[in-house]
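Asker: I am attaching a structure below and will ask some questions about it afterwards.
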């Protein structure tokens with residue numbers, strides 16, 4: 004009997020019943036078959052070697068897919084466990100998941116000594132076992148049988164896990180001499196793992212509860228090629244040098260304070276420059292694109308968040324309520340409900356649409372203090388937010404314009420690698436995880452997909468990760484050193500406007516509910532500036548540099564003229580300083596170069612007499628002499644060029 | 004025996020013991036004696052006719068002084084009570100204070116009917132009694148005697164008031180047939196009251212408590228000249244037309260929403276333009292003046308506000324705490340503590356000073372819901388805030404520069420009448436109301452006074468109204484229709500920086516505490532925009548106008564060209580719209596004139612062929628034809644000129 008396999012390009016192929024995803028891959032090409040790590044079958048990620056018994060939607064997952072990576076990393080955790088059992092008989096294992104970069108396993112050594120010094124011998128053993136290309140073999144087991152197995156082994160951890168599992172769905176995986184209770188999926192065999200690095204050892208309480216015993220958590224990462232591991236290690240080393248917390252402190256960009264609170268950055272004057280310049284860019288870009296700016300308070304009544312649905316579903320991520328006047332007020336975790344209220348007040352007709360409301364609004368979200376990390380995980384988020392209200396007919400053009408704005412920003416910031424992660428709904432979960440409007444889901448997803456295809460923006464489609472009220476696009480970008488960041492999220496919302504009773508009078512004189520696009524191309528100041536610090540290693544382009552010009556008088560005698568020059572710079576919207584220390588000019592130049600100030604203006608007798616400046620560019624040396632005004636014009640022209648790519 | 008009277012100019016005159024302030028006034032000039040209403044004697048406002056028995060500091064108060072006005076208004080409340088007693092025998096009175104514009108008295112008519120229709124006859128009676136020039140006679144009474152008096156009268160209200168008074172300090176005032184328990188002071192006689200207007204009747208719960216009986220509150224205002232009343236009524240009428248709530252709604256500048264909460268304005272797109280333009284002006288002005296911009300979160304831990312002293316003293320004006328992670332967090336009611344933390348992090352030396360930290364920070368203050376009023380009394384305040392940290396030597400120059408900034412803004416906004424209200428400390432209250440550092444108080448007040456005198460800015464000095472930590476300057480301005488607004492407050496702070504442990508390394512290599520100047524020339528967006536709406540009657544100058552240009556195609560055929568013109572305007576930072584309705588050009592022009600859009604650009608066949616526009620100015624008519632770029636340049640030049648006065 005034959006089954007029908009539908010591939011992502013919607014082509015359909017027939018295979019004998021019981022064929023595997025690996026068979027499908029081989030039928031396409033041998034090269035693909037070598038690179039494929041797992042498969043998404045009808046929305047679920049499964050082993051490549053699992054027989055398929057009915058018609059299915061199938062996506063082959065490689066190292067380029069997040070799920071391909073996580074499958075390999077989870078299999079690597081099993082491989083590490085096998086190596087650990089070899090050296091430490093009787094060792095017990097709790098859980099060993101894949102994480103963002105690699106995997107870990109929580110281990111109970113039962114009193115046997117283990118330290119970071121032991122990682123190397125585990126790595127070597129893993130490499131030896133990997134070369135054996137031992138298959139990961141899956142076996143369904145009854146709950147009784149599983150309990151007997153771990154009781155005999157005396158493994159209280161796995162017995163604890165078993166307690167939560169349903170009989171009939173319990174699987175074991177074995178590779179080489181190691182067997183584990185595991186849902187899977189796994190790669191076909193250990194030979195796929197070509198490069199291994201164990202990166203860290205740390206303590207972790209069992210079940211994350213401080214009253215439980217401490218287990219040993221061992222972190223690692225693996226790759227399908229040796230060269231990728233080398234690149235990864237080099238990137239980590241560079242990322243350490245470019246750590247935004249380190250550069251942020253050295254360059255006086257931001258700080259935290261105990262009396263203010265964790266996760267609440269204070270932006271120092273140099274950070275203030277970055278923020279002001281980013282906002283200036285965003286405001287100009289958005290004005291040209293027809294956005295209108297609004298301002299809304301940082302809190303609202305409980306009733307607002309009951310309407311929006313943030314309460315009770317999102318309550319854990321919100322700050323606790325303030326009660327007064329017999330009402331509960333909450334700090335806003337998102338700007339959309341306030342913008343919806345403004346749309347409603349404007350009471351527009353179809354002639355007024357699209358309405359694009361923009362605000363660099365600060366939102367407050369409660370993150371567990373253990374989750375906070377520099378500017379990357381914070382509790383205050385100032386967002387490059389806007390909401391576009393449009394008709395269905397206008398949607399494609401509006402959505403396309405949003406993407407164009409992203410591309411413009413990518414050019415300005417020199418972001419060369421990016422991908423849009425397009426998350427859609429899963430039809431079987433309509434009415435639960437997703438608002439129950441199958442037609443609108445299909446329509447909107449089709450529109451989004453078409454715009455992505457037409458605009459040739461790189462994108463991947465991820466089923467079953469849409470927002471409750473519509474499809475979602477996460478924008479992933481890579482910094483100059485190749486580290487991945489999720490900067491921004493766009494959402495298409497065809498449900499919440501109705502909850503707020505938003506409508507416009509259409510051309511037929513009927514009331515119609517608009518579609519809302521949530522978009523924030525520059526993300527939040529916190530995360531975006533954290534990214535930029537790493538991306539530029541603090542060496543900001545001219546338009547962003549906290550100090551653009553250092554005026555360097557060659558002696559005290561010319562401090563007055565230097566200050567006059569600085570005044571003219573400031574009047575021309577240029578940021579600068581005068582180095583009037585009692586130091587030799589050579590030392591002043593060296594210090595300005597160390598501070599990476601883009602331009603140095605050296606002034607002495609000749610310059611004062613001729614009302615000019617001797618220009619020196621950071622890293623490029625002498626650029627000749629210019630009148631003060633000519634220098635201002637040159638610099639402003641350079642900034643304009645950087646921003647109009 | 005002679006006593007020494009020291010006048011505000013520090014001149015000292017001798018008078019016989021027992022002389023009155025009126026005697027002092029007469030000794031200066033008969034004209035002054037006719038105009039003086041009360042006197043400040045050793046810091047307390049007293050009757051003009053009170054004998055002075057010892058050496059004293061004396062200030063004569065006229066209609067030009069707030070205390071002169073309030074004395075006359077409080078006396079007018081007594082006059083109104085006399086007239087009410089005439090018509091309504093047995094009527095009882097609760098309290099009758101002077102307020103910002105006039106006075107009121109809370110009255111219990113004991114069941115006798117009273118309505119707004121009765122105000123006229125009361126006014127007339129008051130005028131008749133005023134002409135009699137009956138003196139206000141003061142009489143000290145023992146508590147027993149006072150209780151007996153009101154018990155016989157059956158007046159439970161005054162008996163209630165008496166309960167809280169100390170024997171030996173109880174005074175009664177009588178004018179004509181009316182006697183009242185009253186602390187005073189009062190004007191010498193009713194003849195000073197030349198013009199009377201009773202403005203309103205309202206209900207008011209006794210002691211402001213809804214479980215008490217409702218009294219009748221009658222409002223009025225009086226003047227020393229008939230012409231001043233006429234001006235006041237004309238101003239009120241004009242203010243009604245210019246009511247910022249009315250124009251704010253018509254022009255779609257701001258709104259309130261029940262789900263957001265009272266006192267929390269939502270700024271609509273047109274309000275967004277006003278805010279963005281004000282911030283652009285402030286940021287440019289502050290950059291040129293050497294300010295650095297920072298950004299700080301909208302909340303902080305309890306410990307911050309214990310250090311600053313906001314807790315517990317200011318707690319009633321703050322939003323209630325949010326508790327999490329075992330800590331209390333409060334929304335900030337002021338930006339200073341956050342800025343102090345930034346100063347500390349910058350760890351400056353004297354070479355880095357002055358440090359001027361600016362932020363358009365939003366603060367949250369809890370106002371009783373009954374106190375909220377449009378944009379004038381709100382709960383969210385976005386403030387043109389900055390804190391200048393400087394040495395004592397730098398203080399005069401810095402403070403002077405702040406005043407210059409005020410004057411520049413007054414010119415830009417066409418504010419012609421303004422006065423700085425300089426509030427100083429009262430030496431007898433050092434250690435209680437004022438931080439106990441007499442030397443620094445003297446030094447700072449002398450410095451501030453000297454700058455005010457040297458800069459020739461109009462100012463009045465108000466003793467005993469300084470802030471806890473230093474002298475204060477309230478900036479009062481008058482709108483185009485002559486209504487007074489308090490827009491901004493400057494404070495000199497020599498105490499709180501020490502509480503935060505702020506210091507800099509001085510030239511002698513010692514740690515020294517900086518002085519901090521708090522300043523906010525443009526006040527809050529809320530109050531300043533409220534003021535501007537009245538000041539300009541919504542007819543904003545070109546640079547502030549929500550829409551600067553309306554492009555008017557003479558027929559549908561030229562809608563495309565009109566949009567092209569608009570794009571070029573927007574690219575030149577000009578705000579505009581295209582009126583592409585299917586209407587005659589005459590109608591489009593009339594509608595744009597009604598909307599007060601400063602420029603109209605009429606485009607048809609000739610304009611499209613020649614890539615130009617026909618320019619029409621609001622209220623001025625046709626201005627001839629210009630190329631699109633020439634028009635953009637002309638408009639931007641006009642804006643620059645408006646802002647560089």
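Protein chains in written order, with this note's numbering: chain G, 4 to 648; chain H, 4 to 648.
Ideal Cβ positions, reconstructed from N, Cα and C, are used throughout, including at glycine.
Which residues, in chain order, does the region 294 to 326 of chain G contribute to contact with chain H at a C-beta distance below 8 Å?
Answerer: 295, 296, 297, 298, 299, 300, 301, 302, 303, 304, 306, 307, 310, 322, 323, 324, 325, 326
Asker: For residue 486/H versus residue 242/H, is the C-beta spacing smaller than 8 Å?
Answerer: For the purposes of this step, residue 486/H is taken as residue 483 along the second chain, with counting starting at 1. For the purposes of this step, residue 242/H is taken as residue 239 along the second chain, with counting starting at 1. Yes, the pair counts as a contact, with Cβ atoms nearer than the cut-off.
Asker: In whole angstroms, give me the CA-to-CA distance for residue 15/H and residue 318/H.
Answerer: Within the second chain, the letter at position 12 stands for residue 15/H. Within the second chain, the letter at position 315 stands for residue 318/H. Using only the alpha carbons, I get a separation of about 44 Å.
Asker: From the beta carbon of residue 263/H, is the nearest beta carbon of chain G less than 8 Å away?
Answerer: Here residue 263/H refers to the residue found at position 260 when the second chain is read from its first residue. Chain G, which has a Cβ nearer than 8 Å to the Cβ of residue 263/H, makes this yes.
Asker: I'd like the list of long-range same chain contacts for residue 132/G, defined as Cβ closer than 7 Å, with 5 residues on each side in sequence excluded.
Answerer: By one-based count along the first chain, residue 132/G stands at place 129. The residues are 82, 85, 86, 179, 193.
Asker: Relative to the C-alpha of residue 310/H, which candidate in 73/H, 590/H, 414/H, 340/H has its C-alpha closest?
Answerer: Working through the second chain from its first residue, we reach residue 310/H at position 307. Nearest of 73/H, 590/H, 414/H, 340/H to residue 310/H, Cα basis: 340/H.
Asker: Closer than 8 Å by beta-carbon distance: list the chain H residues that pair up with residue 279/G, in chain order.
Answerer: Position 276 of the first chain holds residue 279/G. Per Cβ cutoff of 8 Å: 286, 296.
Asker: Compare the Cα-Cα distances from residue 2/H to each of 102/H, 259/H, 603/H, 472/H and report the closest residue.
Answerer: Outside the shown range of chain H (4 to 648) lies residue 2/H, about which nothing can therefore be said.
Asker: Between which two residues does the alpha helix (DSSP H) harbouring residue 164/G extend?
Answerer: As a working mapping, residue 164/G is identified with position 161 in the first chain. Unbroken alpha helix (DSSP H) run through residue 164/G: 159 to 166.
Asker: Mind listing which residues of the region 568 to 586 of chain G have their C-beta closer than 7 Å to chain H's C-betas, in chain order?
Answerer: 573, 574
Asker: Do you know whose CA, among 32/G, 524/G, 358/G, lies nearest residue 294/G's CA?
Answerer: Counting from one through the first chain, the residue named residue 294/G turns up at place 291. The shortest Cα separation from residue 294/G among 32/G, 524/G, 358/G belongs to 358/G.
Asker: If you drop the 5 nearest sequence neighbours on each side, which residues of the same chain put their C-beta closer than 7 Å to that of residue 629/G?
Answerer: Numbered from its first residue, the first chain carries residue 629/G at position 626. So the list reads 615, 616, 618, 637, once near-sequence residues are dropped.
Asker: Please name the residue, chosen from 613/G, 600/G, 10/G, that lies closest to residue 564/G on a Cα-to-Cα basis.
Answerer: Here residue 564/G is taken as the residue at index 561 of the first chain, counted from 1. If we check each option's Cα against that of residue 564/G, 613/G comes out closest.
Asker: Any Cβ of chain H within less than 8 Å of the Cβ of residue 554/G?
Answerer: Residue mapping note: residue 554/G aligns to position 551 of the first chain, counting from 1. Taking Cβ atoms only, chain H never reaches closer than 8 Å to residue 554/G, which makes this a no.
Asker: What does the Cβ neighbour count give for residue 95/G, buried or exposed, with the cut at 16 atoms within 10 Å?
Answerer: Reading the first chain from its first residue, position 92 is the one you call residue 95/G. Buried is the label assigned to residue 95/G, since at least 16 other Cβ atoms lie within 10 Å of its Cβ.
Asker: Note down, in chain order, every chain G residue with its Cβ under 7 Å from the Cβ of residue 369/H.
Answerer: The residue you call residue 369/H lines up with position 366 of the second chain. By Cβ distance, chain G contributes 327.
Asker: Excluding the five sequence neighbours on either side, which residues of its own chain have a C-beta within less than 6 Å of the C-beta of residue 526/H, listed in chain order?
Answerer: Counted from its first residue, the second chain places residue 526/H at position 523. Apart from sequence neighbours up to five positions away, the residues of its chain that approach residue 526/H with a beta-carbon distance below 6 Å are 490, 491, ordered along the chain.
Asker: Taking the alpha helix (DSSP H) that residue 610/G belongs to, which residues open and close that run?
Answerer: The count along the first chain starts at 1 and reaches residue 610/G at position 607. Taken as a continuous stretch (DSSP letters only), the alpha helix (DSSP H) holding residue 610/G covers 608 to 613.
Asker: Considering Cα atoms alone, identify which of 343/H, 277/H, 541/H is closest to residue 244/H.
Answerer: As a working mapping, residue 244/H is identified with position 241 in the second chain. Closest by alpha carbon: 541/H.
Asker: Do we get a CB-CB distance below 8 Å when we pair residue 227/G with the residues of chain H?
Answerer: By one-based count along the first chain, residue 227/G stands at place 224. No, its Cβ sits nowhere closer than 8 Å to a Cβ of chain H.
Asker: When we look at the beta-carbon of residue 139/G and count the other beta-carbons within 10 Å, is it buried (16 or more) or exposed?
Answerer: Within the first chain, numbered from 1, the residue matching residue 139/G stands at position 136. It counts as buried.
Asker: Please work out which residues of its chain come closer than 7 Å, Cβ to Cβ, to residue 336/H, disregarding the five sequence neighbours upstream and downstream, and give them in chain order.
Answerer: Position 333 of the second chain, counting from 1, holds the residue named residue 336/H. Excluding residues within five positions, the ones whose Cβ falls inside 7 Å are 313, 317, 320, 321, 366, 367, 368.
Asker: For residue 357/G, decide whether its Cβ has a neighbour in chain H, counting only Cβ atoms nearer than 8 Å.
Answerer: As a position in the first chain, residue 357/G is number 354, starting the count at 1. So, not an interface residue.
Asker: For residue 211/G, which three-state DSSP category applies?
Answerer: Residue 211/G sits at position 208 when you count from the first residue of the first chain. Three-state result, residue 211/G: helix.
Asker: Do you know offhand how far residue 641/H's Cα is from residue 577/H's?
Answerer: Taking the second chain and counting its residues from 1, the one referred to as residue 641/H is at position 638. Taking the second chain and counting its residues from 1, the one referred to as residue 577/H is at position 574. One C-alpha to the other measures close to 12 Å.
Asker: If you compare alpha carbons, which of 120/H, 401/H, 77/H, 188/H is closest to residue 196/H?
Answerer: Here residue 196/H is taken as the residue at index 193 of the second chain, counted from 1. The residue with the shortest Cα to Cα distance from residue 196/H is 77/H.
Asker: Taking residue 332/H as the query, report the chain G residues whose CB atoms sit under 8 Å from its CB, ordered along the chain.
Answerer: Locating residue 332/H in the second chain gives position 329, counting from the first residue. Those within 8 Å of residue 332/H in chain G are 264, 322.
Asker: What in chain G is Cβ-close to residue 653/H, meaning under 7 Å?
Answerer: As shown, chain H starts at 4 and ends at 648. That puts residue 653/H outside it, with no answer to give.
Asker: Near residue 247/H, which residues of its chain fall below 7 Å by C-beta distance, leaving aside the five closest residues on each side in sequence?
Answerer: In the second chain, the residue the question calls residue 247/H occupies position 244. Contacts found: 377, 378, 533, 536, 537.
Asker: Taking the alpha carbon of residue 352/G as the reference point, which residue from 145/G, 545/G, 517/G has its own alpha carbon closest?
Answerer: Here residue 352/G is taken as the residue at index 349 of the first chain, counted from 1. Of 145/G, 545/G, 517/G, the residue nearest in Cα terms is 517/G.
Asker: Between which two residues does the beta strand (DSSP E) containing residue 224/G stretch?
Answerer: Taking the first residue of the first chain as position 1, residue 224/G is located at position 221. Counting along the chain, the beta strand (DSSP E) containing residue 224/G begins and ends at 217 to 226.
Asker: Give the DSSP bridge partners of residue 39/H, in chain order.
Answerer: Taking the first residue of the second chain as position 1, residue 39/H is located at position 36. Answer is none; residue 39/H lacks a bridge partner.
Asker: First and last residue of the beta strand (DSSP E) that includes residue 479/G?
Answerer: Counted from its first residue, the first chain places residue 479/G at position 476. Where residue 479/G is concerned, the enclosing beta strand (DSSP E) stretches over 475 to 481.
Asker: State the Cα-Cα distance for the pair residue 585/H and residue 387/G, rounded to the nearest angstrom.
Answerer: Against the second chain, residue 585/H aligns to sequence position 582. Against the first chain, residue 387/G aligns to sequence position 384. Counting only the Cα atoms, residue 387/G lies some 37 Å from residue 585/H.
Asker: When Cβ atoms are compared, which residues of the region 80 to 100 of chain H fall closer than 7 Å to chain G?
Answerer: none
Asker: Determine the DSSP secondary structure at residue 447/H, reduced to helix, strand or coil.
Answerer: Taking the first residue of the second chain as position 1, residue 447/H is located at position 444. Residue state, collapsed to three classes: helix.
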